[in-house]
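Trainee:
Residue numbers (this note's numbering): 152 to 633.
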């Protein structure tokens, strides 16, 4: 906006700070400046300094108090970042593709979730499946779900397996509360069962997930903004909305209250799908504005590079990015995104990652597994991703179903187990904004900067575009830039 100052200077007119800040917020600052110069000269050119009060006079503003001089963004002169990467799989992800790795993968999942379950008082006396005897009345077991099905009488059978054997667990439909709970059981998750041993079966009286305790909310003296699914390079990328967001976070857009909120933002967390990618689905090239992956990331660097440098940006990949497709996904490779890597305030991490933002544990996951959960569990849908996040927290796993739409790498260790309960779980992927506070955990899905695609039209998915959730000192606020 220095051209405004230059335009007036060439006519021998100086601009007071408040007048300048008001001018640059107008829809067409250059045209307004030219109009002002004409008006000043028509008055004999007697004004040498343009003040805010003169703007009120020239434009006949009835209530000048409604248009306040905004001034510079009041950001602390020095910012100390207490930023820590707790978990990043980028350099710890390994698999040879052999059957032994798959066995190790499921053993890792089972042992870690079993450890969480065994801490529940109801399961402290659990026993291996192989040690169950026919005469025992009440038993407790922990196992991984092999299969879930209904009998012809509409009772539910859950096939459980541990490292010693297998057994069928029966949930009677007369036990309405438990039967309803069992409808959320999915393959490959680990659960505990309390029940009665009857012949070859265990009749369940209660089913336990690893679960999450209610945590104490973390006090915050700063704000965090969350975005995902930008899809730069697509014809449906909403560049105008994204640029409004960038202008807002830089303090150049919005009301006084919104600009004050922007000044408080210390971190920006990006949950994947930075670019639209290449060859993600058949016919994608027809919907691309930029058809080269390197150029897509160069454009991303241009856009993200405009964000002020005193904000730390934490960025993970999604299924449209150039990282491998199987989860966990390592950070976006530098070879594809050199320009983006040149931006010093961006931290590139894996999908998923766990970080501490000044003590606020934030689990970042793109959310590909939401597809499987929405298709497998009655009552879950893409429109209510907050309910899916709640269910994943209870299962303590980000992608419990193996072998469906979500590609999972059969690694020696299962990196998608939720070992540590976060203060914030931030996801994307479904393009629909959602928020819920669950047992003290902020569950946030940040929507998208991409308008409705042809694929979404087929499935009647209506995205929430340009909506940015901001955790403002512990309170969720939603800003719209559509």
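C-beta atoms are modelled at their ideal positions from N, C-alpha and C, and glycine is treated no differently.
Check whether the Cβ atoms of residue 299 and residue 336 sit closer than 8 Å, and answer yes or no.
Mentor: yes
Trainee: Could you check which residue in 525, 363, 458, 468 has the C-alpha nearest to that of residue 404?
Mentor: 458
Trainee: What's the C-alpha gap between residue 491 and residue 445?
Mentor: 10 Å
Trainee: Could you spell out the range, first to last residue, of the beta strand (DSSP E) harbouring residue 239?
Mentor: 234–239
Trainee: Quickly, what does DSSP pair residue 557 with across the bridge? List them, please.
Mentor: DSSP, once it has assigned bridges, lists no residue as partnering residue 557.
Trainee: For residue 319 and residue 308, what's the separation of their Cα atoms in angstroms?
Mentor: 6 Å
Trainee: Find the nearest neighbour of residue 325 within the set 354, 313, 338, judged by alpha-carbon distance.
Mentor: 354
Trainee: Between residue 379 and residue 423, is the Cβ-Cβ spacing less than 8 Å?
Mentor: Yes; because the gap between Cβ atoms is below 8 Å, this pair is in contact.
Trainee: Counting Cβ pairs, one atom from each stretch, are 3 or more of them under 8 Å apart for the stretch 361–374 and the stretch 588–605?
Mentor: yes
Trainee: Three or more C-beta pairs under 8 Å: does that hold for the stretch 556–576 against the stretch 597–612?
Mentor: no
Trainee: Whole-angstrom Cβ separation of residue 621 and residue 574, contact assumed at under 8 Å?
Mentor: Not confirmed; about 15 Å, so no contact.
Trainee: Taking a contact to mean a Cβ-Cβ separation below 8 Å, would you say residue 517 touches residue 579 in this structure?
Mentor: yes
Trainee: From the DSSP output, in three-state form, read off residue 422 for me.
Mentor: strand
Trainee: Identify, in the order they occur along the chain, each residue of the same chain with its Cβ nearer than 6 Å to the Cβ of residue 159, setting aside the five sequence neighbours on each side.
Mentor: 166
Trainee: Quick one: what's residue 577 bridged to in DSSP?
Mentor: 515, 595
Trainee: Go ahead and pull the three-state DSSP assignment for residue 146.
Mentor: Residue 146 is absent from the structure shown; the chain starts at 152 and stops at 633.
Trainee: Assign residue 281 to buried or exposed, taking buried as 16 or more other Cβ atoms, counted over all protein chains shown, within 10 Å of its Cβ.
Mentor: exposed
Trainee: How far does the alpha helix (DSSP H) with residue 612 in it reach, from first residue to last?
Mentor: Unbroken run through residue 612: none, as it is neither H nor E.
Trainee: Just to confirm before moving on: does the CB-CB distance between residue 342 and residue 360 stay below 8 Å?
Mentor: Yes, they are a contact pair.
Trainee: Taking the DSSP output, what are the residues bridged to residue 359?
Mentor: 343
Trainee: Comparing C-alpha positions only, which one of 173, 161, 163, 164 sits nearest to residue 402?
Mentor: 173
Trainee: The beta strand (DSSP E) spanning residue 294 covers which residue range?
Mentor: 289–301
Trainee: As a quick exercise: from 157, 264, 482, 241, pick the residue whose alpha carbon is nearest that of residue 292.
Mentor: 264
Trainee: List, from N- to C-terminal side, the alpha helix (DSSP H) runs of 4 residues or more that fit wholly inside the stretch 382–466.
Mentor: 390–400, 407–415, 444–455
Trainee: Going by C-alpha distance, which of 295, 472, 462, 305 is nearest residue 447?
Mentor: 472
Trainee: Return the bridge partner residues of residue 620 from the DSSP annotation.
Mentor: 629
Trainee: Near residue 311, which residues of its chain fall below 6 Å by C-beta distance, leaving aside the five closest residues on each side in sequence?
Mentor: The residues 294, 318, 320, in chain order, have a CB closer than 6 Å to that of residue 311 in the same chain once the five nearest residues on each side in sequence are set aside.
Trainee: Rank 543, 499, 333 by C-alpha distance to the C-alpha of residue 572 and give the top, closest one.
Mentor: 543
Trainee: Please state the DSSP three-state secondary structure of residue 175.
Mentor: helix
Trainee: With residue 587 as the anchor, note down where its beta strand (DSSP E) starts and where it stops.
Mentor: 585–589
Trainee: Could you spell out where the beta strand (DSSP E) holding residue 336 opens and where it closes?
Mentor: Taken as a continuous stretch (DSSP letters only), residue 336 belongs to no beta strand (DSSP E), as it is neither H nor E.
Trainee: Quick one: what does DSSP say residue 260 is sitting in, helix, strand or coil?
Mentor: helix
Trainee: Where do the N-terminal and C-terminal ends of the alpha helix (DSSP H) with residue 525 fall, by residue?
Mentor: DSSP places residue 525 in the uninterrupted alpha helix (DSSP H) bounded by 521–527.
Trainee: Tell me the DSSP bridge mates of residue 548?
Mentor: Looking at the DSSP assignment, residue 548 forms a beta bridge with 568.
Trainee: Using the Cβ count rule (16 or more neighbours within 10 Å means buried), how would you classify residue 480?
Mentor: buried
Trainee: Closest by CA to residue 539, which one among 628, 625, 525, 552?
Mentor: 525
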